[in-house]
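In UniProt numbering, the protein residues as written are 1 to 302. Cβ coordinates follow ideal geometry from the N, Cα and C atoms, glycine included. Fair warning: this is a prediction, and the values are worked out from it, not measured in the lab. These notes are about the structure you will find just below.
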């Protein structure tokens with residue numbers, strides 16, 4: 001294969017690639033070509049005086065064309081969150097920065113308005129002594145947070161899985177009913193670039209995919225004519241690295257299941273058109289490939 005092309009990879013080709021002595025060089029060159037590909041978009045809403053302080057990182061803006069738009073109410077319609085497509089599934093994800101204390105009300109407003117039933121959190125609240133995320137839910141069963149017009153109640157906390165914690169949450173609007181959602185907290189991957197084991201991360205992605213399918217099937221069983229449902233919310237601290245790695249792996253796995261091949265080069269190129277400057281570190285790109293290799297090896301072992 002030529003360096004930096006956009007060909008799809010099948011099982012055997014992926015294994016052959018990783019067995020080559022220059023595999024890492026090939027992936028680095030491929031990633032470099034992605035970084036050099038042009039992405040177009042504006043950041044007018046994100047960088048406005050009214051909204052600038054709502055960004056956790058001033059140098060990590062949010063595209064205008066893909067941003068999640070809140071109903072305005074008494075405040076701005078801006079939140080640092082982007083609609084992101086899945087595999088042949090428009091807007092499957094909302095990828096967001098971690099909430100700040102001053103944006104937690106906007107965060108839950110987004111969850112409610114977008115009818116999100118699944119949240120994937122890929123960071124700790126504090127890492128290396130620095131705040132990465134404001135605690136936007138209660139860790140104690142039976143307790144309720146009142147956030148604007150919403151009541152956020154923790155129903156159940158489960159730590160039976162060694163790699164992540166699952167929390168069931170009920171969100172109730174004072175006038176418009178309620179929403180049950182599931183919160184997955186994965187803390188194995190921290191900002192210091194100590195990557196988790198590929199099998200651990202793969203387990204998480206597959207677990208989320210299984211839960212998402214269950215939500216879809218439940219809707220169909222309850223008489224809905226389509227499987228349409230709210231997007232999966234995925235966030236780390238910035239919504240650019242760990243969160244987008246999750247999306248890239250999910251998309252590649254879905255492609256593989258449907259077509260027996262995937263094209264990570266094309267996947268990441270498209271993701272960067274929706275979430276500005278995401279997956280800019282080559283180590284994240286290589287990690288995506290390593291997780292996919294892990295899946296392929298498991299697939300071939302059956």
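Residue i - DSSP class collapsed to helix/strand/coil
{"i": "residue 212", "result": "helix"}
{"i": "residue 14", "result": "helix"}
{"i": "residue 146", "result": "strand"}
{"i": "residue 258", "result": "helix"}
{"i": "residue 152", "result": "strand"}
{"i": "residue 141", "result": "coil"}
{"i": "residue 205", "result": "helix"}
{"i": "residue 127", "result": "strand"}
{"i": "residue 253", "result": "helix"}
{"i": "residue 195", "result": "coil"}
{"i": "residue 247", "result": "helix"}
{"i": "residue 135", "result": "coil"}
{"i": "residue 277", "result": "coil"}
{"i": "residue 218", "result": "helix"}
{"i": "residue 242", "result": "helix"}
{"i": "residue 176", "result": "coil"}
Residue i - containing alpha helix (DSSP H), residue span
{"i": "residue 32", "result": "23-36"}
{"i": "residue 316", "result": "Residue 316 is absent from the structure shown; the chain starts at 1 and stops at 302."}
{"i": "residue 271", "result": "264-271"}
Identified DSSP bridge partners for residue i
{"i": "residue 181", "result": "169"}
{"i": "residue 234", "result": "95 and 120"}
{"i": "residue 157", "result": "167"}
{"i": "residue 186", "result": "164"}
{"i": "residue 9", "result": "262"}
Rounded distance between the beta-carbons of residue j and residue i, thought under 8 Å
{"i": "residue 275", "j": "residue 230", "result": "At roughly 19 Å, the Cβ-Cβ gap does not stay under 8 Å, so residue 275 and residue 230 are not in contact."}
{"i": "residue 273", "j": "residue 47", "result": "Rounded, the Cβ-Cβ distance is 19 Å, inconsistent with contact."}
{"i": "residue 268", "j": "residue 34", "result": "6 Å"}
{"i": "residue 82", "j": "residue 95", "result": "5 Å"}
{"i": "residue 191", "j": "residue 128", "result": "7 Å"}
{"i": "residue 10", "j": "residue 260", "result": "6 Å"}
{"i": "residue 77", "j": "residue 43", "result": "At roughly 15 Å, the Cβ-Cβ gap does not stay under 8 Å, so residue 77 and residue 43 are not in contact."}
Checklist entry - Which residue spans inside the segment 36-115 form an unbroken beta strand (DSSP E) run of at least 3? => result 67-69, 78-86 and 89-96
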